[in-house]
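Read top to bottom, the protein sequences are chains F and Y. Positions in the first sequence are counted from 1; adding 7 to them yields this note's numbering. Positions in the second sequence are counted from 1; adding 5 to them yields this note's numbering. What follows is a set of notes on a single structure, which appears directly below.
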Amino acid sequence: MGEPSLRILLVDQNAARAAILEEGLREAGLNDITVVREMHGLLRRIVDLDPDVIFIDLENPNRDVLEQMFQVSRSVRRPIAMFVDQADTETIRAAVESGVGAYVVDGLQKARVKTILDTAVSHFNAFNRLRDELERANQQLEERKIIERAKGLLMKERGLSEEEAYGLLRTAAMNDNRRVADVARSIVSLVRLLK
Amino acid sequence: MNRIVTRPKITIGFIPLLDCAPIVVALEQGFAAREGIDLILVRETSWANIRDRLIVGHFDAAHLLGPMAVATTLGAGHLQVPIVAPIALGLGGNAITVSASLWEQMARCGATPGGNPRVQGQALARVVAERASAGAPPLTFGMVYPFSCHHYELRYWLAAVGVDPDRDVRLVVIPPPYLADSMRAGQLDGFCVGEPWNSVAVQAGIGTIVTPTTAIWPLSPEKVLGCRASWADANGARMDALIRALHHASVWCQDPGNHVELAHLLAAPRYVDAPAELLLDAIANRLSLRKGAAPVALENFYVLASHHATFPWVSHALWFYAQMVRWRQVEPQQTHLSSVAGTYRPDIYRRALRSLGVALPAEDVKPERFFDEAVFDPARPLS
């Protein structure tokens with residue numbers, strides 16, 4: 008028994024080319040491959056298949072469609088692998104390490120395809136984790152700031168202490184089943200409108 | 006021993022669109038060679054590819070969407086790599102096209118051929134409202150990339166006429182060469198794209214041009230030349246030579262005496278690969294709005310050199326950022342503004358062109374004016 012193979016989604020509208028790529032990947036020992044020829048409904052397919060890597064031909068302009076999907080729906084974000092005809096080892100390494108994705112040289116150098124993809128997936132996951140952490144940290148910071156401002160407004164308008172202002176925010180949030188930061192944001196934008 | 010003197014090479018990636026013109030002409034008319042550089046042009050197929058290959062170093066410079074340069078510097082949507090845009094590649098060139106059936110509905114609601122964006126937009130808003138009350142699915146509009154002028158111009162117009170671009174319609178990314186086919190297949194009711202792709206849909210009898218986006222935002226920006234900031238820092242002299250070559254190329258492109266030659270040059274399969282007569286119309290600032298209709302003149306539809314068309318206005322970068330925030334593509338942060346402003350580099354542009362005695366703007370920012378009389382104040386980008 009070998010290790011679990013990478014699950015690959017191959018997006019190509021050209022049936023003949025897709026078949027060649029698929030065969031090449033299988034020969035390189037990658038057996039879990041699904042070929043999709045239609046961009047229509049692709050988001051659903053990504054969610055259902057949950058691939059480790061999405062393979063797309065570098066010549067396929069639909070790469071930009073994939074990008075939008077990743078932006079709209081973070082959960083479908085996957086590393087992208089692409090074929091290029093003349094990438095040297097150095098550029099492949101740079102692409103993989105920068106987190107750009109994986110470039111696989113045309114002709115599928117069998118011995119290397121798997122290594123390149125494995126590295127690309129692990130780099131991608133590391134980047135993704137980092138980005139999520141950073142985004143969470145930024146969001147927390149922004150929320151703390153907005154809560155401070157809402158508290159300040161309540162203290163000034165209603166003559167409350169800081170503790171009372173926060174208590175009021177929390178009660179309002181609980182009553183409406185919303186988050187404290189969301190209530191604070193509504194207060195701040197309302198006050199801006201009324202000014 | 007023989008010394009072989011070779012000119013320094015600069016590899017530039019481009020997308021087959023009308024506005025790759027200055028890059029192509031810098032090579033083909035010898036402007037780059039005269040500046041002592043060897044240009045190598047590589048045709049690319051998607052914006053994501055061009056960005057990645059720029060980041061990885063396959064390209065020294067690239068034909069980039071202005072907002073993409075800003076987004077990459079911020080790391081919005083993808084990797085964070087500081088990019089600089091030291092020269093713009095012209096102004097305008099985009100339009101909004103709708104399907105035959107949507108045009109019919111809009112015309113019933115008051116849209117007129119060649120009407121201004123307010124008239125057309127109000128008609129569209131009525132169609133959208135009628136569809137909603139009839140329980141019909143929302144209209145679908147295509148655009149070329151999430152971080153693009155086309156996307157923001159389309160959203161700006163929709164919002165200004167009372168159509169919520171997130172709630173009332175569906176926006177999807179479709180690569181330019183597939184737009185007309187998607188419209189024919191009924192998957193798209195409209196799209197916003199640069200030339201020649203509006204005219205391609207018109208010629209095929211599939212679409213009607215509703216408005217050039219230069220009627221929404223006169224002298225609006227489009228593509229820039231983008232480089233990694235590290236490359237620009239390390240290659241000052243080459244950078245300046247490239248900017249001079251692109252400046253001369255842009256002036257050549259705008260000269261009416263060169264329009265026919267330019268159209269034929271761009272029509273070649275290795276460049277835009279589209280009919281020369283369609284390209285010529287856009288270059289000459291006229292468009293056929295419907296199949297069979299005579300082309301109409303559109304003032305400043307595509308401006309290559311005049312009106313400081315190649316100047317990298319920092320106010321353009323700030324407006325893009327304001328749209329990213331407005332449409333929730335990025336969470337605003339204090340540090341963003343300086344990164345955004347630092348992506349557009351009028352200082353490099355000024356440095357490169359100083360010796361040519363070209364008239365340069367006194368400021369790096371200007372107020373930007375829109376069809377709905379709104380004015381974007383670059384001093385308060387997020388207000």
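C-beta: ideal position from N, C-alpha, C; glycine also.
Legend entry - C-beta atoms of leucine 267 of chain Y and isoleucine 288 of chain Y nearer than 7 Å: yes
Inset, instruction - Out of Y:Val198, Y:Ala141, Y:Gln192 and Y:Tyr349, point me to the one whose CA is closest to serine 153 of chain Y's CA. - result: Y:Val198
Inset, instruction - Determine, using beta carbons only, whether asparagine 99 of chain Y comes closer than 7 Å to chain F. - result: no
Inset, instruction - To the nearest angstrom, report how far apart histidine 264 of chain Y and serine 204 of chain Y are at their CA atoms. - result: 17 Å
Legend entry - Per-residue burial, leucine 285 of chain Y [other beta carbons within 10 Å of its own, 16 or more giving buried]: buried
Inset, instruction - Compare the C-beta of arginine 85 of chain F with all C-beta atoms of chain Y and state if any pair is closer than 7 Å. - result: no
Inset, instruction - Measure the C-alpha to C-alpha separation of methionine 46 of chain F and isoleucine 53 of chain F and round it to an integer number of angstroms. - result: 11 Å
Legend entry - chain F residues whose Cβ lies nearer than 7 Å to that of asparagine 54 of chain Y: Leu65 and Arg70
Legend entry - DSSP beta-bridge partners of alanine 90 of chain Y: Y:Tyr349
Inset, instruction - Please state whether DSSP places methionine 6 of chain Y in a helix, a strand or coil. - result: Per-residue confidence for methionine 6 of chain Y stands at a pLDDT of 48, beneath the threshold of 50, marking its modelled position as unreliable; no derived number is given.
Inset, instruction - Could you spell out the range, first to last residue, of the beta strand (DSSP E) harbouring leucine 69 of chain Y? - result: 66 to 70
Legend entry - Where the beta strand (DSSP E) containing threonine 213 of chain Y begins and where it ends: 212 to 217
Inset, instruction - Measuring only between beta-carbons, confirm whether valine 142 of chain Y sits less than 7 Å from chain F. - result: The sequence shown places proline at residue 142 of chain Y, not valine. Answer no: the Cβ-Cβ gap between proline 142 of chain Y and chain F never drops below 7 Å.
Legend entry - Presumed contact (8 Å Cβ cut-off) between aspartate 173 of chain Y and proline 143 of chain Y, rounded CB distance: 6 Å
Legend entry - Candidates Y:Val75, Y:Arg243 and Y:Gln110: closest to valine 345 of chain Y by CA position: Y:Val75
Legend entry - is_contact[proline 274 of chain Y, chain F] using C-beta, thresh 7 Å: no
Legend entry - Which residues DSSP lists as bridging isoleucine 15 of chain Y, in chain order: Y:Leu44
Legend entry - Residue-level contact to chain F via CB, serine 51 of chain Y, 7 Å cutoff: yes
Inset, instruction - Quick one: give me the first and last residue of the alpha helix (DSSP H) that asparagine 203 of chain Y is part of. - result: 202 to 208
Inset, instruction - Give the range of the alpha helix (DSSP H) segment to which threonine 50 of chain Y is assigned. - result: Threonine 50 of chain Y -> no alpha helix (DSSP H), and no H or E assigned at all.
Inset, instruction - Would you check if the distance between the CB atom of tyrosine 326 of chain Y and the CB atom of proline 91 of chain Y is smaller than 7 Å? - result: no
Inset, instruction - Can you give me, in chain order, the residues of the segment 66 to 99 of chain Y that have a beta carbon less than 7 Å from any beta carbon in chain F? - result: Gly82 and Leu84
Inset, instruction - State yes or no: is the C-beta of glycine 18 of chain Y within less than 7 Å of the C-beta of valine 61 of chain Y? - result: no
Legend entry - N- and C-terminal bounds of the beta strand (DSSP E) containing isoleucine 40 of chain F: 39 to 43
Legend entry - Cβ contact (3+ pairs, closer than 8 Å) linking the segment 14 to 31 of chain Y and the segment 62 to 74 of chain Y: yes
Inset, instruction - Taking a Cβ distance cut-off of 8 Å, strictly less, list which residues of the segment 136 to 169 of chain Y are near chain F, in chain order. - result: Val149, Tyr150 and Pro151
Legend entry - Spatial distance of proline 274 of chain Y from proline 58 of chain F (CA atoms): 36 Å
Inset, instruction - List the endpoints of the continuous beta strand (DSSP E) containing aspartate 185 of chain F. - result: The sequence shown places arginine at residue 185 of chain F, rather than the aspartate named in the question. Here arginine 185 of chain F belongs to no beta strand (DSSP E), and DSSP marks it neither H nor E.
Inset, instruction - For chain F, find out if any of its Cβ atoms is closer than 7 Å to the Cβ of proline 180 of chain Y; answer yes or no. - result: yes
Legend entry - Where glutamine 334 of chain Y falls, given that 16 or more other Cβ within 10 Å makes a residue buried: buried
Inset, instruction - Measuring only between beta-carbons, confirm whether glutamine 75 of chain F sits less than 7 Å from chain Y. - result: yes
Legend entry - Bridge partners - valine 190 of chain F, DSSP secondary structure assignment: DSSP, once it has assigned bridges, lists no residue as partnering valine 190 of chain F.
Legend entry - valine 42 of chain F versus F:Glu34, F:Glu74 and F:Leu56, residue with shortest Cα-Cα distance: F:Leu56
Inset, instruction - Identify the contact partners of glutamine 338 of chain Y in chain F, using a Cβ-Cβ distance below 9 Å as the criterion. - result: Asn145, Leu148 and Glu149
Legend entry - Member of Y:Ser388, Y:Pro366, Y:Leu283 and Y:Ala281 whose CA lies at the smallest distance from the CA of valine 330 of chain Y: Y:Ser388
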